[in-house]
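Protein chains: 2
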Amino acid sequence: MGYKKNMESIKINVMQKLLKANDAIADEIRNSLKNKGIFFINLMSSPGSGKTTLIEETVKKLGKKIKVIEGDIQTTLDAERLQKLGIQAFQINTGPFGGDCHLEAAWIKTAIAELGTEGMDILFVENIGNLVCPAEFDVGAHLNVLLISVSEGEDKPLKYPLAFQVSQVCVITKTDLLPLKRFSLETLRQNIQKVNPACTIIEVSAHEGAGLERWIEILQNKTGI
Amino acid sequence: MGYKKNMESIKINVMQKLLKANDAIADEIRNSLKNKGIFFINLMSSPGSGKTTLIEETVKKLGKKIKVIEGDIQTTLDAERLQKLGIQAFQINTGPFGGDCHLEAAWIKTAIAELGTEGMDILFVENIGNLVCPAEFDVGAHLNVLLISVSEGEDKPLKYPLAFQVSQVCVITKTDLLPLKRFSLETLRQNIQKVNPACTIIEVSAHEGAGLERWIEILQNKTGI
Chain A
264 MGYKKNMESI KINVMQKLLK ANDAIADEIR NSLKNKGIFF INLMSSPGSG
314 KTTLIEETVK KLGKKIKVIE GDIQTTLDAE RLQKLGIQAF QINTGPFGGD
364 CHLEAAWIKT AIAELGTEGM DILFVENIGN LVCPAEFDVG AHLNVLLISV
414 SEGEDKPLKY PLAFQVSQVC VITKTDLLPL KRFSLETLRQ NIQKVNPACT
464 IIEVSAHEGA GLERWIEILQ NKTGI
Chain B
264 MGYKKNMESI KINVMQKLLK ANDAIADEIR NSLKNKGIFF INLMSSPGSG
314 KTTLIEETVK KLGKKIKVIE GDIQTTLDAE RLQKLGIQAF QINTGPFGGD
364 CHLEAAWIKT AIAELGTEGM DILFVENIGN LVCPAEFDVG AHLNVLLISV
414 SEGEDKPLKY PLAFQVSQVC VITKTDLLPL KRFSLETLRQ NIQKVNPACT
464 IIEVSAHEGA GLERWIEILQ NKTGI
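Protein chains in written order, with the working numbering: chain A, 264 to 488; chain B, 264 to 488.
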């Protein structure tokens, strides 16, 4: 147990140094994109909450000056979905690097260099589908957006508070499923407000189109585009 | 960058040592429970796929000789739900330890000591809701069961293969949502088989009761109880 404890303390020490190095790169990305008039949005959620669909709908409404960095452990499925809309999407696969459960600022910096910043006014990062780890790593975004589908349950903000606390906007997705769910939107809203009273909360059904105007309105307010 | 790279290699080295220490404790748990005639099942899934509900339904059908170790970052909500059924549930909160995204064998060992092994024939661990990290840590179970809800999309086995590969049984949940979803059960089944051809796949709607007999049948076959 002494060995295990010693290893744990080395792990924490190394992690703190990695987080510090990550934060410095994140700040550099944030400032550099701001100077170029590019607004950077980081989307986080559980697997399958609707991140790619929300980006697809956003591109359809706001046009082609959007680029996307896709984070996945395996596959380029999401980047392919987005390229069909005629926009540039760059896929980061963490699989070859131990299947990392989050994206780090250094990888975003490399991906931005590959994508190029010309002809872009909004950059989306679709983080790894995971309600835990991505919240711990600043990727340099100007806005963190958390998605949660009504299928996931009202208790998730209480059980995974950090992801809700680091986000300025929370999008409740798949509201078309509400007729079939024992689910209280009111309880979910209260639970989000308990852990992050300042969070802007909106509801969308991307497939039915409900709530998308409000999402675009918030984006235009935040980005000034 | 040299500093970052050096830190990364220290991180990997420390992680390998931690994983090795974890595996030794996991084997010890597996053997010790087997000798006592206790069958140990590890449930993994994204947040909100229905792990607690599946345990609740299992307890209702198989009786009170089940104990549960609940993994959550914050709250004791799930343990409280299970204690209402008159069974013993022990909550591990990883929040105070940096919000860890998975459970490790050492914590399970401590939790088993707290719960006691008398009067137990099945032990469930409900892992942290996360499709990435828990798959990397052996907790000493005799059976790994992965849950995926039809709301999460057919592509998840391809995007998060490890969780599907370390599991012997895959339970597709919330099939009562199928009428409202553009979702193909056939494609999900094919994708699971692509990454793990040996996996037993079943479909349940815990709320409607569909498929639960098959789940209990599999449990009884595996556990011999």
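All residues carry an ideal CB built from backbone N, CA and C; glycine is no exception.
Asked	Found
Alpha carbon to alpha carbon, how far is I292(A) from T373(A)? Give it in angstroms, no decimals.	10 angstroms
Who pairs with L306(A) in a beta bridge, going by DSSP?	E389(A), V408(A)
Between the Cα of T339(A) and the Cα atoms of S308(B), S312(B), K419(B), which residue gives the shortest distance?	K419(B)
T247(A) touches chain B at which residues, Cβ-Cβ below 8 angstroms?	The structure shown does not extend to residue 247(A), since chain A spans only 264 to 488, so no value can be given for it.
When the Cβ atoms of the stretch 347-356 of chain B are set against those of the stretch 349-362 of chain A, are three or more pairs found closer than 8 angstroms?	no
In chain order, what residues of the same chain lie with their CB nearer than 8 angstroms to the CB of L475(B), ignoring the 5 residues before and after it?	E320, K324, V467, A469
Just the chain A side, please: which residues come within less than 7 angstroms of K347(B) by C-beta, in chain order?	Those within 7 angstroms of K347(B) in chain A number zero; the least Cβ separation is about 15 angstroms.
Report the option in S430(A), T486(A), V408(A) whose CA atom is closest to the CA atom of G313(A).	V408(A)
Give, in chain order, every unbroken run of the beta strand (DSSP E) that is at least 3 residues long and sits entirely within the stretch 395-449 of chain B.	406-412, 432-436
Between the beta-carbon of D439(A) and the beta-carbon of L443(B), is there less than 8 angstroms?	yes
Out of N276(A), I329(A), T316(A), N484(A), which one is the CA nearest neighbour of T463(A)?	N484(A)
Check N530(B) in the structure and name its three-state DSSP category.	Nothing about residue 530(B) can be read from this structure; chain B reaches only from 264 to 488.
Look at the alpha carbon of A205(B) and the alpha carbon of K283(A), and state the distance between them as a whole number of angstroms.	Residue 205(B) cannot be examined here, being either before or after the span of chain B that is shown, 264 to 488.
Who are A473(B)'s beta bridge partners in DSSP?	S468(B)
What are the residues in the stretch 440-455 of chain B lying within 8 angstroms of chain A by C-beta distance?	L440, P442, L443, K444, R445
Could you check what DSSP says for G334(B) in three-state terms: helix, strand or coil?	strand
Which whole-angstrom value is the C-beta distance of C364(A) and N393(A), which I expect to be below 8 angstroms?	5 angstroms
Relative to the C-alpha of M278(A), which candidate in S414(A), Q346(A), C396(A), L482(A) has its C-alpha closest?	C396(A)
Buried or exposed: where does E367(B) fall if 16 or more other Cβ atoms within 10 Å of its Cβ makes it buried?	buried
For a test of the three-state rule: what should DSSP assign to Q354(B), helix, strand or coil?	strand
Between the alpha carbons of Y423(B) and E449(A), how many angstroms are there, rounded?	32 angstroms
Rounding to the nearest angstrom, what Cα-Cα distance links M307(B) and K330(A) in this structure?	34 angstroms
Please name the residue, chosen from G326(A), G311(A), Q456(A), that lies closest to L421(B) on a Cα-to-Cα basis.	G311(A)
Using a Cβ-Cβ cutoff of less than 7 angstroms, which residues in the same chain neighbour K327(A) once the five nearest sequence positions on both sides are dropped?	G349, I350
On the criterion of 16 or more Cβ atoms from any shown chain inside 10 Å, does S414(B) qualify as buried, or is it exposed?	buried
Note down, in chain order, every chain B residue with its Cβ under 8 angstroms from the Cβ of D335(A).	K422
Give me, in chain order, the residues of the same chain whose beta-carbon lies closer than 7 angstroms to that of R452(A); leave out the 5 immediate sequence neighbours on both sides.	I464
How many Å lie between N459(A) and E480(A) at the Cα?	21 angstroms
Tell me the rounded alpha-carbon separation between E417(A) and S447(A).	7 angstroms
Could you compute how far the alpha carbon of S412(A) sits from the alpha carbon of L317(A)?	12 angstroms
Quick one: is G489(B) near chain A, going by C-beta distance under 8 angstroms?	Here chain B comprises residues numbered 264 to 488, so residue 489(B) is not present and cannot be evaluated.
Would you say P310(B) lies against chain A (beta-carbon separation less than 8 angstroms)?	yes
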